[in-house]
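Step one of this worksheet: look at the structure below.
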Amino acid sequence: EKDGYDHFMLKEIYEQPQMIIDSFRGRMNASEGWVRLGGVNEYRNKLNKAKRIIFGACGTSWHAALVGEYLIEELARIPVEVEYASEFRYRNPIIDGDDVFVAISQSGETADTIAAIELAKENQALIYGICNSVGSTISKMSHAGSYTHAGQEIGIASTKAFTTQVVILTLMALQLADYKGNLSKTQLNATLFELEQIPEKVRKILKLDDEIKAIAKEYHQANNFLFLGRGACYPIALEGALKLKEISYIHAEGYPAAEMKHGPIALIDENMPVVVVANNDSAYEKIVSNIQEVKARKGKVIAIVNEGDTVIKGIADHVIEIPATLEIFAPLVSVVPLQLLAYHIAVWRGADVDNPRNLTKSVTVE
Ligand code: M6R
Numbered sequence: 247e248k249d250g251y252d253h254f255m256l257k258e259i260y261e262q263p264q265m266i267i268d269s270f271r272g273r274m275n276a277s278e279g280w281v282r283l284g285g286v287n288e289y290r291n292k293l294n295k296a297k298r299i300i301f302g303a304c305g306t307s308w309h310a311a312l313v314g315e316y317l318i319e320e321l322a323r324i325p326v327e328v329e330y331a332s333e334f335r336y337r338n339p340i341i342d343g344d345d346v347f348v349a350i351s352q353s354g355e356t357a358d359t360i361a362a363i364e365l366a367k368e369n370q371a372l373i374y375g376i377c378n379s380v381g382s383t384i385s386k387m388s389h390a391g392s393y394t395h396a397g398q399e400i401g402i403a404s405t406k407a408f409t410t411q412v413v414i415l416t417l418m419a420l421q422l423a424d425y426k427g428n429l430s431k432t433q434l435n436a437t438l439f440e441l442e443q444i445p446e447k448v449r450k451i452l453k454l455d456d457e458i459k460a461i462a463k464e465y466h467q468a469n470n471f472l473f474l475g476r477g478a479c480y481p482i483a484l485e486g487a488l489k490l491k492e493i494s495y496i497h498a499e500g501y502p503a504a505e506m507k508h509g510p511i512a513l514i515d516e517n518m519p520v521v522v523v524a525n526n527d528s529a530y531e532k533i534v535s536n537i538q539e540v541k542a543r544k545g546k547v548i549a550i551v552n553e554g555d556t557v558i559k560g561i562a563d564h565v566i567e568i569p570a571t572l573e574i575f576a577p578l579v580s581v582v583p584l585q586l587l588a589y590h591i592a593v594w595r596g597a598d599v600d601n602p603r604n605l606t607k608s609v610t611v612e
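Count along the sequence shown starting at 1, add 246, and that's the number in the UniProt record's numbering.
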């Protein structure tokens, strides 16, 4: 069932181009210029009038929510808050019938997320579920929702579930933006055309596998890793760090690149590999200076850059060149090399990638 791959995680990383297609198919049409998630359409009025959207999730799904926050605020201009489901449920959150609570969960069975939904429901919020498992508890508890169509995910480290969650959140942001009249027809068409190109771009990134494996070999004995990103790619830094922690047991932290100078910079020396997500156009100059700060302290920089980059190539120790895309899709493509990096580091360390210690696929305890 691993289809010749050494691990389910690797198989699932490679399935992403197809799963991304499966997640947007039938939900948008680039040449006709429309985007339509059934659930969003059904609750159109409620969503349009929403005072706030609150995301509740855990782990990787929480990282997808952070990307969703960026996309929805940027495109639809609706205020968004992202909550750890586990924290939300144990306080007395301010939430009412004018709020929309969006729960994101691959399994649809995560106990903390279920409890957060119950609380949001008691407070009359509309519940929108973004789940992968069809017929799961969360999908049944939700008033409306969208399935991610990632297929069954077996690897404990979530990969294709994340990218498809980001696809759904992108469609949701575009649809809400369209309702509000925030996008011209030309902008919407161009964005959807680019979304159609993403699976091919991810395929190109997968071809960098050997290159990433070699980088992984060089750093697999490191004890610590730092991951940096800005804007919508900050959650990708968090996700890259989480992947590495889960399967290789290396201590890793994700930070917004600009926060580095407020503390974590003290950790940087010649033994600290720093992975920088630097394919984010509008923050490019800033990211370059963050990389210079790391290099000035002898840190080792592995940077994810757009193809053809010259500036960062000149200062980083390694660059992983990926196809350029629109800024809103930068998170979707840049997470893929980080998944491969974590995977190969874990394999070089001899770790049991599909069954990391202390973890289960869905956390059904509180
Ligand atoms: O099934 P869910 O998306 O609700 O799961 C949430 C987290 O437990 C999950 O994303 C976890 O962090 C993964 N092991 C990440 O790879």
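Note that the Cβ used here is the ideal one computed from N, Cα and C, for glycine as well. What you are looking at is a predicted structure, and each value in this text was computed from that prediction instead of being measured.
Quick check on residue 631: does DSSP put it in helix, strand or coil? What the structure shows of the chain is the stretch from 247 to 612, and residue 631 is not part of that stretch, so it cannot be assessed.
Compute the minimum distance between the beta carbon of C304 and the heavy atoms of the ligand M6R, and state whether it is under 6 angstroms. yes
When the distance is taken between beta carbons, is A396 closer than 7 angstroms to Q407? The amino acid at residue 407 is misidentified as Gln; the sequence shows Ala. Yes.
Could you check which residue in L474, E364 and A562 has the C-alpha nearest to that of N526? L474
Distance, M255 Cα to V448 Cα: So the two alpha carbons sit approximately 16 angstroms from each other.
Where does M518 fall in DSSP's three states? coil
Checking 7 angstroms against the spacing of the C-beta atoms, do A390 and Y374 come in under that value? yes
Return helix, strand or coil for S404, following the three-state DSSP convention. Reduced to three states, the DSSP call for S404 is coil.
Less than 8 angstroms between the CB atoms is what I'm expecting for S528 and E573, so what's the real figure, rounded? Between S528 and E573 the beta-carbon gap is near 6 angstroms, inside 8 angstroms, which marks them as a contact.
F301 versus H253: straight-line alpha-carbon distance, rounded: Answer to the nearest angstrom: the Cα atoms are 31 angstroms apart.
For the putative contact between I350 and A310, defined by C-beta atoms under 8 angstroms, what is the C-beta separation to the nearest angstrom? 6 angstroms
Out of curiosity, what's the CA-to-CA distance linking Y501 and Y480? 7 angstroms
I need the DSSP call for A504, collapsed to helix, strand or coil. Looking at A504 - three-state DSSP - the assignment turns out to be helix.
Does the beta-carbon of L584 have 16 or more other beta-carbons within 10 angstroms, so that it is buried, or is it exposed? buried
Taking 7 angstroms as the threshold (C-beta atoms), are I561 and K541 in contact? yes
Would you check whether the ligand M6R has a heavy atom nearer than 6 angstroms to the C-beta of S404? yes
Beta strand (DSSP E) containing V565: first to last residue? H564 to I568
Rank K463, V313 and R337 by C-alpha distance to the C-alpha of L417 and give the top, closest one. V313
Can you tell which of E464, A419 and S494 has its C-alpha closest to the C-alpha of N604? With distances taken between Cα atoms, N604 lies closest to S494.
Any heavy atom of the ligand M6R inside 6 angstroms of the beta-carbon of S608? yes
Through-space distance from V412 to I496, alpha-carbon basis: 26 angstroms
Tell me whether Q585 counts as near the ligand M6R, meaning its Cβ is closer than 6 angstroms to at least one heavy atom of that ligand. no
On a CA-only basis, which of K559, L452, T383 and D600 is nearest Q262? Give me that one, please. L452
Opposing strand residues paired with D345 [DSSP bridges]: R298
Any heavy atom of the ligand M6R inside 6 angstroms of the beta-carbon of T394? no
Going straight from the alpha carbon of G272 to that of A419, what length do you get? 17 angstroms
So R298 and D345 are in contact, right, with Cβ under 8 angstroms, and what is the actual spacing, rounded? 5 angstroms
Threshold first: 4 residues or longer. Then list the alpha helix (DSSP H) segments lying entirely within the segment 381-453, N to C. 383-387, 406-425 and 431-452
Pair within 7 angstroms by beta-carbon distance, residue 614 and Q421: No answer is possible for residue 614: it lies beyond the span of the chain, which begins at 247 and ends at 612.
When the Cα atoms are used, what is the spatial distance from Y465 to P519? 7 angstroms
Given this structure, state the Cα-to-Cα distance separating I432 from V326, to the nearest angstrom. The residue asked about is misnamed: residue 432 is Thr in this sequence, not Ile. Using only the alpha carbons, I get a separation of about 26 angstroms.
Using a Cβ-Cβ cut-off of 8 angstroms (strictly less than) and excluding sequence neighbours within five positions of H579, which residues of its own chain qualify? Sequence inspection shows Val at residue 579; the His mentioned does not correspond to that position. Cβ neighbours of V579 beyond the five flanking positions: I444, K447, V448, I451, N525, I568, P569 and T571.
Just tell me which of A478, P602 and V565 has its CA closest to the CA of E553. V565
Quick one: residues in its chain with C-beta nearer than 7 angstroms to the C-beta of K257, no 5 flanking neighbours on either side, listed in chain order? K248, D249 and Y251
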